[in-house]
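*Asks:* Just so we're aligned: the sequence shown equals residues 225 to 849 in the numbering used here. We put the beta carbon where it would ideally sit given N, CA and C, even for glycine. Remember, it's a predicted structure, so these values are computed and weren't measured experimentally.
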Amino acid sequence: GAIHNLAWSPDGKSIAFSGLEGGLSDLYVYDLGAKTVRQFTNDRYAALQPTWSPDGETLAFTTDRGPNGTNFETLEYGKNRIGLIDVESGKIRTIRPFSTGMQHNPQFSPDGRSVYFVADQDGYKDVYRYDLDEEATYRVTKIQTGVSGITALSPALSVARRSGRMMFSVFSHGGYSIVALPEEKTDGERVAPTGKASTAALLPPVQSSGEGLVDSYLDDPLTGLKDLESTDPSKASDRLYLDRIIPPSVGASVGGPVGTQVAGGVGFLFSDILGHQNLSVFLQANGTIKDVGGGVFYANRENRMNYGGGVSHQPSAFGEVRRTPDGNLVQVVQRIFRTEVGGQASYPFSQSNRLEFGLGGTRYGFDVTAREFSFGRLVQESSSGRDPLYFARASLAYVGDFSNFGLTSPLQGGRYRFQVTPQLGSRNFVSVLADYRRYLRRGPVTFAIRGLHRGNYGAGQFEGGFTDLFVRETLGDPYQVGFVRGYSFNSIFEEPKCQRLRICKVGRLYGTRMALGSAEVRVPLLGPEVLSLATFRYLPTDLVLFADAGVAWTSEDLTELSFTSSTIQRSNLGASGTVPAQPVTSAGVSARVNVLGALVLEAFYARTFQRTKNWDFGVILRPGW
């Protein structure tokens with residue numbers, strides 16, 4: 225729900241407001257002394273912009289109820305008009321001075337005998353006064369551009385309760401101006417109600433050569449409408465319809481370690497009329513029949529407790545080319561097949577935080593295909609695999625997000641996620657995630673800090689088997705959340721010493737547990753005028769000063785930290801044969817660029833303190849944390 229258009233009562237003891245719940249607006253009054261809420265309306269009609277009479281006995285508001293108002297049975301929508309509520313009895317009556325156009329934003333005069341409002345009965349939005357005793361209407365303003373807020377229904381008028389001074393907003397010269405009128409100039413000139421439709425707000429030609437298709441449908445809401453007595457609305461709302469199709473994609477690749485391939489994919493999204501139920505189906509093909517994958521996912525958001533589930537099958541192929549002693553080439557393609565089924569539920573406490581539950585299982589299958597070629601001819605093909613791995617999991621997470629995203633990264637607010645996930649099967653362990661981020665904005669500059677911990681407890685040491693991949697946490701993968709800039713595995717493997725001697729010291733970059741701390745100063749260099757130092761909308765860019773520090777360890781490592789800049793390999797054995805946890809650190813500058821709103825590219829130049837290579841340049845395709 226949401227609360228809009230707060231209005232203090234004349235005695236200062238109550239607040240009237242428009243409350244939105246389930247997409248419907250109603251009027252409420254909150255008693256500050258008794259701390260109670262009284263609901264005045266409870267229907268599908270609009271109830272907006274409440275205001276008190278000077279004696280506190282009447283509430284005026286904007287509504288579409290009343291004669292010739294909205295008809296929900298035939299879906300004929302009426303124009304907004306003014307409603308009056310007797311606070312004591314709760315009875316409602318409506319006034320509609322003009323039979324054409326919209327009337328909204330009511331304000332009482334200081335004596336309570338007149339109601340000011342904004343109307344567009346002649347095509348121009350102006351301020352009018354309705355005399356409650358005479359039941360007569362008076363025109364207060366006559367402005368060519370109109371009295372208006374940002375939207376057609378935005379409040380644009382206010383009248384001082386004691387002095388009667390009127391203020392309203394006027395659209396002029398491409399912007400909005402505030403105009404004030406003293407009470408003696410707010411009587412206005414009497415106008416006669418007219419039922420004639422205005423043409424001032426219509427684009428030429430006023431007399432069309434023919435009736436438009438859209439207009440004819442809007443003017444005839446009954447055509448195609450089913451008989452409500454013979455229709456079950458619950459069945460209509462529950463049925464799923466095709467919402468949209470993700471455009472099919474097709475591609476091809478030639479050569480490389482996995483050979484010639486043709487790939488493609490397509491997706492279908494279904495939902496009911498109200499969007500409560502959503503079903504997504506996708507299919508991906510990448511090479512042979514073995515490489516076909518897909519998934520089906522369902523989500524239900526009808527109630528506060530959201531839930532859903534799905535099943536998917538995703539093959540991944542990795543290849544390399546080897547040479548046999550007799551000179552033949554062998555193409556080796558390794559495949560991992562991930563088949564997963566799971567369900568998830570979330571309970572939101574507010575718009576910014578929620579509790580999540582998950583339950584599921586995953587099967588990992590393996591396949592190795594070797595093809596031997598001699599002078600371009602296939603002479604031998606073999607296929608093998610290993611036993612599959614199975615994992616069952618349950619998860620519980622507390623999640624919060626009250627951040628405001630900017631051009632390439634969040635500007636202010638914060639995010640956090642605390643999660644526990646026990647996993648049983650081919651290897652038993654408990655995964656723990658604690659991720660907290662905070663963004664403080666001072667002028668155009670954002671100061672960001674982050675603390676992160678990921679750990680797989682109960683996994684023990686690395687066993688040298690394939691299951692190590694499921695309990696390994698790294699600091700050297702730029703597309704993992706715990707990345708220390710300047711220490712990517714690819715960058716280290718490209719060092720001359722690593723390539724020449726095959727000595728790639730990366731032991732301090734992985735373990736079964738890791739912790740990371742980061743700090744950034746983000747300066748919006750290019751972008752919109754309201755956010756950036758220099759106006760250039762086409763390539764929004766942030767300049768970032770950063771510092772990263774991370775440490776990875778296993779259950780057998782010592783708990784104390786040992787800072788050294790000599791190597792990034794685990795060293796200095798302790799008395800028990802274990803090693804202390806040794807952090808890696810870096811600092812530098814980066815530029816994040818929003819490329820046409822499609823992706824965010826970060827190019828960084830980092831000073832590393834635990835590598836023989838002191839400076840490292842890298843590029844990451846992802847938004848800032």
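#1: Run the CB neighbour count on Pro-634, radius 10 Å, all protein chains shown included, and call it buried at 16 or more, exposed below.
#2: Does the Cβ-Cβ distance between Thr-361 and Pro-334 come in under 8 Å?
#3: Please list, in chain order, all residues of the same chain as Arg-665 whose beta carbon is under 7 Å from its beta carbon, the five residues on each side excluded.
#4: Quick check on Phe-713: does DSSP put it in helix, strand or coil?
#5: Alpha carbon to alpha carbon, how far is Phe-707 from Arg-794? Give it in angstroms, no decimals.
#6: From the DSSP output, which residues share a beta bridge with Phe-264?
#7: Which value, in whole angstroms, describes the spacing of the CA atoms of His-677 and Ile-497?
#8: Kindly provide the ranges of any beta strand (DSSP E) runs that are 3 or more residues long and lie completely inside the stretch 523-586, ordered along the chain.
#9: In whole angstroms, what is the alpha-carbon distance linking Ile-239 and Asp-279?
#10: Considering only the alpha carbon of each residue, which of Leu-248, Asp-267, Leu-272 and Glu-245 lies closest to Asn-229?
#11: Specify the secondary structure class of Ile-497 as computed by DSSP and reduced to three states.
#12: At the level of alpha carbons, what is the spacing between Pro-471 and Gly-489?
#13: Restricting to Cα atoms, I'd like to know which of Pro-646, Asp-625 and Tyr-252 is closest to Tyr-850.
#14: Is Gly-798 helix, strand or coil by DSSP?
#15: How many angstroms separate the CA atom of Val-745 from the CA atom of Gly-532?
#16: Is it true that the CB of Val-813 sits closer than 8 Å to the CB of Leu-825?
#17: In the DSSP output, what is His-228 paired with across the bridge?
#18: Where does Asp-692 fall in DSSP's three states?
#19: For Thr-698, which residues does DSSP report across the bridge?
#20: If you draw a straight line from the C-alpha of Pro-572 to the C-alpha of Asn-527, how long is it?
#21: What's the C-alpha gap between Ser-810 and Arg-709?
#22: Could you spell out the range, first to last residue, of the beta strand (DSSP E) harbouring Leu-769?
#23: Relative to the alpha-carbon of Ala-343, which residue among Trp-849, Ala-380 and Ser-401 has its alpha-carbon at the smallest distance?
#24: Can you say whether Gly-517 is buried or exposed, counting buried as having 16 or more other CB atoms within 10 angstroms of its CB?
#25: If you follow the beta strand (DSSP E) that His-677 is part of, which residue opens it and which one closes it?
#26: How long is the line joining the alpha carbons of Leu-820 and Ser-473, rounded to whole angstroms?
#27: Going by DSSP, which residues form a beta bridge with Ser-607?
#28: What does the Cβ neighbour count give for Ser-313, buried or exposed, with the cut at 16 atoms within 10 Å?
#29: Which of the three DSSP states is assigned to Tyr-354 in this structure?
#30: For Gly-511, which residues does DSSP report across the bridge?
#31: Count the other CB atoms, across all protein chains shown, that sit within 10 Å of the CB of Lys-315; report buried if there are 16 or more and exposed otherwise.
#32: Hey, out of Ser-619, Val-747 and Leu-464, whose CA is closest to Leu-769's CA?
#33: Alpha carbons only, please: which of Gln-806, Arg-846, Asn-680 and Ser-715 is nearest the one belonging to Leu-631?
#34: So for Tyr-252, helix, strand or coil by DSSP?
#35: Based on the DSSP output, what are the partners of Pro-634 in its beta bridges?
*Replies:* Reading off the structure:
#1: Mapped onto the sequence shown, residue 634 falls at position 410. Buried is the call here.
#2: Translated into positions along the sequence shown, residue 361 becomes position 137. Translated into positions along the sequence shown, residue 334 becomes position 110. No, the Cβ-Cβ distance between Thr-361 and Pro-334 is not below 8 Å.
#3: Start at 1 with the first residue of the sequence shown, and residue 665 comes out as number 441. Cβ neighbours of Arg-665 beyond the five flanking positions: Leu-635 and Gln-636.
#4: Looking up residue 713 in the sequence shown gives position 489. Here Phe-713 sits in helix by DSSP.
#5: Translated into the one-based positions of the sequence shown, residue 794 becomes position 570. Translated into the one-based positions of the sequence shown, residue 707 becomes position 483. In this predicted model, Arg-794 has a pLDDT of only 48, less than 50, meaning its place in the structure is not dependable; the value taken from the coordinates is given anyway. Rounded to whole angstroms, Arg-794 to Phe-707 spans 18 Å at the Cα level.
#6: Here the question's residue 264 lines up with position 40 in the sequence shown. Paired residues: none, contrary to the question.
#7: Translated into positions along the sequence shown, residue 677 becomes position 453. Translated into positions along the sequence shown, residue 497 becomes position 273. One C-alpha to the other measures close to 42 Å.
#8: 530-547 and 553-572
#9: If you number the sequence shown from 1, residue 239 lands on position 15. If you number the sequence shown from 1, residue 279 lands on position 55. Approximately 14 Å, taken between the alpha carbons.
#10: Here residue 229 refers to the residue found at position 5 of the sequence shown. Answer by Cα proximity: Leu-272.
#11: To locate residue 497, count along the sequence shown from 1; it is residue 273. Residue state, collapsed to three classes: coil.
#12: Here residue 471 refers to the residue found at position 247 when the sequence shown is read from its first residue. Here residue 489 refers to the residue found at position 265 when the sequence shown is read from its first residue. If I take the Cα positions, the gap works out to 8 Å.
#13: This structure leaves residue 850 out entirely; the chain is present only between 225 and 849.
#14: Locating residue 798 in the sequence shown gives position 574, counting from the first residue. Reliability fails at Gly-798, whose pLDDT of 38 lies under 50, so the model's placement of it is uncertain and no value is given.
#15: Reading the sequence shown from its first residue, position 521 is the one you call residue 745. Reading the sequence shown from its first residue, position 308 is the one you call residue 532. Rounded to whole angstroms, Val-745 to Gly-532 spans 39 Å at the Cα level.
#16: Translated into positions along the sequence shown, residue 825 becomes position 601. Translated into positions along the sequence shown, residue 813 becomes position 589. No. Outside cutoff.
#17: As a first step, residue 228 must be located in the sequence shown, where it is residue number 4. Per DSSP, Ser-242.
#18: Within the sequence shown, the letter at position 468 stands for residue 692. Three-state result, Asp-692: helix.
#19: Locating residue 698 in the sequence shown gives position 474, counting from the first residue. DSSP output for Thr-698 lists Tyr-734 as bridge partner(s).
#20: As a first step, residue 572 is located in the sequence shown; it is residue number 348 there, counting from the start. As a first step, residue 527 is located in the sequence shown; it is residue number 303 there, counting from the start. Cα-Cα distance, rounded: 11 Å.
#21: For the purposes of this step, residue 810 is taken as residue 586 along the sequence shown, with counting starting at 1. For the purposes of this step, residue 709 is taken as residue 485 along the sequence shown, with counting starting at 1. Taking the straight line from one Cα to the other gives about 7 Å.
#22: By one-based count along the sequence shown, residue 769 stands at place 545. Residues 765-777.
#23: For the purposes of this step, residue 343 is taken as residue 119 along the sequence shown, with counting starting at 1. Ranking the options by Cα distance to Ala-343, first place goes to Ala-380.
#24: Translated into positions along the sequence shown, residue 517 becomes position 293. It counts as buried.
#25: Here the question's residue 677 lines up with position 453 in the sequence shown. 669-681 is the extent of the beta strand (DSSP E) around His-677.
#26: By one-based count along the sequence shown, residue 820 stands at place 596. By one-based count along the sequence shown, residue 473 stands at place 249. Near 21 Å, if we compare the C-alpha coordinates of Ser-473 and Leu-820.
#27: By one-based count along the sequence shown, residue 607 stands at place 383. Paired residue(s): Thr-593.
#28: Here the question's residue 313 lines up with position 89 in the sequence shown. Per the 10 Å Cβ criterion, exposed.
#29: In the sequence shown, residue 354 corresponds to position 130, counting from 1. If DSSP states are grouped into helix, strand and coil, Tyr-354 belongs with the strands.
#30: Taking the first residue of the sequence shown as 1, we reach residue 511 at position 287. DSSP, once it has assigned bridges, lists no residue as partnering Gly-511.
#31: Along the sequence shown, one-based indexing puts residue 315 at 91. Label assigned to Lys-315: exposed.
#32: The residue given as residue 769 occupies position 545 in the sequence shown. Comparing Cα-Cα distances from Leu-769 to each of Ser-619, Val-747 and Leu-464, the minimum goes to Val-747.
#33: Here the question's residue 631 lines up with position 407 in the sequence shown. Checking every option, the nearest Cα to that of Leu-631 belongs to Arg-846.
#34: Here the question's residue 252 lines up with position 28 in the sequence shown. In this structure, Tyr-252 counts as strand in the three-state DSSP scheme.
#35: Taking the sequence shown and counting its residues from 1, one reaches residue 634 at position 410. Paired residue(s): Phe-629.
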